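Protein chains: 2
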Amino acid sequence: MIFDATDKRLLEFLQQDSKQTNKELSNKLNLSVTAVYERIKKLEKEGFIDGYIALVNKEKVKKNFIVFCHIKLVQHSQDYVVSFEREVAKLKEVLECYHLSGDYDYLLKVLVTDMAEFREFMVKKLTTINHIGSTHSMFVINEVKHTTIINM
Amino acid sequence: MIFDATDKRLLEFLQQDSKQTNKELSNKLNLSVTAVYERIKKLEKEGFIDGYIALVNKEKVKKNFIVFCHIKLVQHSQDYVVSFEREVAKLKEVLECYHLSGDYDYLLKVLVTDMAEFREFMVKKLTTINHIGSTHSMFVINEVKHTTIINM
DNA sequence: TATATTTAAGAAAAATTTTCTATTATGATT
DNA sequence: AATCATAATAGAAAATTTTTCTTAAATATA
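Chains A and B, in that order, are what the protein sequence lines are.
Residue numbers for the first sequence follow the UniProt record's numbering, beginning at 1 and rising by one.
Residue numbers for the second sequence follow the UniProt record's numbering, beginning at 1 and rising by one.
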């Protein structure tokens, strides 16, 4: 499938603000409303767009205590890895989980209200998952930058 | 401001799919279309919603090489910190940057096409920023989980 | 209890999306 | 270069959705 410069610009605009009307986008792209509409539908159908979402303000909903957790497994057998990944993905406090190179461990991005809630998360949820060897938590003092925009 | 259970559910729905019509939301919430409309406008005005965006598929646009970079500064003076944060925020490859506790350093989430592009990023961009003492890169083998949904 | 204030509902108006048809551009083939 | 097929674009019409407006109900306040 051909994915031209106009499609790229369109995706950039939609990543910035998906509530723009096709008319606004058509002005920015020098296209007709229908052309914009058809391009968006094509991008959606081809899988370039995973979805449209609202971004909630973390401070407002009192969930702005971010912790990165490094995790090592006791063993790295297929069974252990699969089991750990399945369990950790279920936890709503875990926004992101990455399998990392090097020390063969994981990096988790955990979002909670405060230290008390993080403690609960560690004790009641994370450490009850099997096969965890060790954990190392890094607390975020300040979120310097956070964007969802992928540059192409 | 009062932020009730219905507002929470509404934010959950909008975080999952912001393209739902007010009619669909009104059915899920047992409200009228106008009531949903007014609640959304209120949440927007009060700052609960930072924006509405399209999520682009990383694989499709060939930007799915994720690297986490740990960075230590040579000094931690106010000047150095401010300068570093300003410069690093400008880099489009850096999706996220966190100031961490403990070793007083930073964690960067970097998104590029491949290792070649990461090398370019390191050599031409990251290491040209002043005050960096040392860096340590962790490559993502697999993205086990990634959500933008904040639980409330 | 009476009075204000907020919240909600339904209808109407305005705006936007979506469909449809026709036209133009693009690329491949000869 | 000419022809054909395919894809992209534009404008108008239809369908849907958002937004506004008015009225009614619920909640809180004095």
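Each residue gets a CB set at the ideal place from its N, CA and C atoms; glycine is no exception.
Computed from a predicted structure; not experimentally measured.
Identify whether residue i lies in helix, strand or coil by the three-state DSSP scheme.
i         : result
A/Val-33  : helix
A/Glu-46  : coil
A/Asp-105 : strand
B/Ser-134 : strand
B/Glu-93  : coil
B/Glu-12  : helix
A/Val-61  : coil
B/Ile-150 : coil
A/Phe-121 : helix
A/Val-144 : strand
A/Lys-72  : strand
A/Phe-139 : strand
B/Ile-2   : coil
B/Ile-53  : strand
A/Ile-40  : helix
Inspect the beta-carbon positions of residue i and residue j and report whether they are closer than 8 Å.
i         : j         : result
A/Leu-55  : B/Thr-147 : no
A/Val-67  : A/Ser-137 : yes
A/Phe-48  : B/Val-61  : yes
B/Ile-141 : A/His-76  : no
A/Leu-111 : A/Lys-63  : yes
B/Glu-87  : B/Ile-129 : yes
A/Ile-150 : A/Gln-16  : no
Please work out which residues of its chain come closer than 7 Å, Cβ to Cβ, to residue i, disregarding the five sequence neighbours upstream and downstream, and give them in chain order.
i        : result
B/Gln-71 : The sequence as given places Ile at residue 71 of chain B; Gln does not occur at that position. Cβ within range, chain order: Asp-105, Tyr-106, Leu-108, Ile-132 and Thr-135.
A/Asp-7  : Arg-39 and Leu-43
A/Phe-13 : Gln-20, Leu-25 and Lys-28
B/Ser-83 : Asn-130 and His-131
Ordered along the chain, which non-local residues of its own chain (more than five positions away) have a Cβ less than 6 Å from that of residue i?
i         : result
B/Asn-22  : Val-33, Val-36 and Tyr-37
A/Phe-118 : Val-67 and Val-112
A/Lys-41  : none
B/Phe-139 : Val-67
So, at 8 Å on beta carbons, what are the nonlocal neighbours of residue i in its own chain, with the 5 sequence-adjacent residues on each side left out?
i         : result
A/Asp-103 : Lys-72
B/Arg-9   : Lys-28 and Leu-29
B/Lys-58  : Asn-64 and Leu-111
B/Ala-89  : Cys-97
B/Gln-74  : Correcting the residue type first, residue 74 of chain B is Val in the shown sequence and not Gln. The answer, listed in chain order, is Tyr-80, His-131, Ile-132 and Gly-133.
Let me check understanding here. Comparing Cα to Cα, which of the options lies closest to residue i?
i         : options                                     : result
B/Thr-127 : B/Glu-96, B/Cys-69 and B/Met-152            : B/Cys-69
A/Lys-124 : A/Tyr-98, A/Val-140, A/Val-144 and A/Leu-91 : A/Leu-91
A/Gln-20  : B/Lys-8, B/Glu-87, B/Glu-93 and B/Gly-51    : B/Gly-51
B/Asp-114 : A/Arg-86, A/Leu-11 and A/Met-152            : A/Met-152
B/Phe-121 : B/Ile-2, B/Glu-143, B/Glu-93 and B/Phe-139  : B/Glu-93
A/Glu-85  : B/Glu-85, B/Leu-25, B/Glu-143 and B/Gln-15  : B/Glu-143
B/Ile-53  : A/Phe-3, A/Leu-11 and A/Ala-5               : A/Leu-11
Closer than 7 Å: is that where the CB of residue i sits relative to any heavy atom of the ligand GDP?
i        : result
B/Leu-25 : Although the ligand GDP was asked about, the structure shown includes no ligands whatsoever.
Using a Cβ cut-off of 8 Å, which residues of the segment 95 to 125 of chain B contact any Cβ in chain A, in chain order?
Leu-95, Glu-96, Cys-97, Tyr-98, His-99, Leu-100, Ser-101, Gly-102, Tyr-106, Leu-107 and Leu-111
Determine which residues of the segment 41 to 61 of chain A have a Cβ less than 7 Å from any Cβ of chain B, and write them out in chain order.
Gly-47, Phe-48, Ile-49, Asp-50, Gly-51, Tyr-52, Ile-53, Ala-54, Leu-55, Val-56, Asn-57, Lys-58, Lys-60 and Val-61
What residues in the segment 133 to 151 of chain B bring their beta carbon closer than 7 Å to a beta carbon of chain A?
Met-138, Phe-139, Val-140, Ile-141, Asn-142, Glu-143, Val-144, Lys-145, His-146, Thr-147, Thr-148, Ile-150 and Asn-151
Taking a cut of 8 Å between CB atoms, which residues from the segment 71 to 87 of chain B lie near chain A?
Listed in sequence order: Glu-85.
Between the segment 20 to 38 of chain A and chain B, which residues of the former have a C-beta closer than 7 Å to a C-beta of the latter?
none
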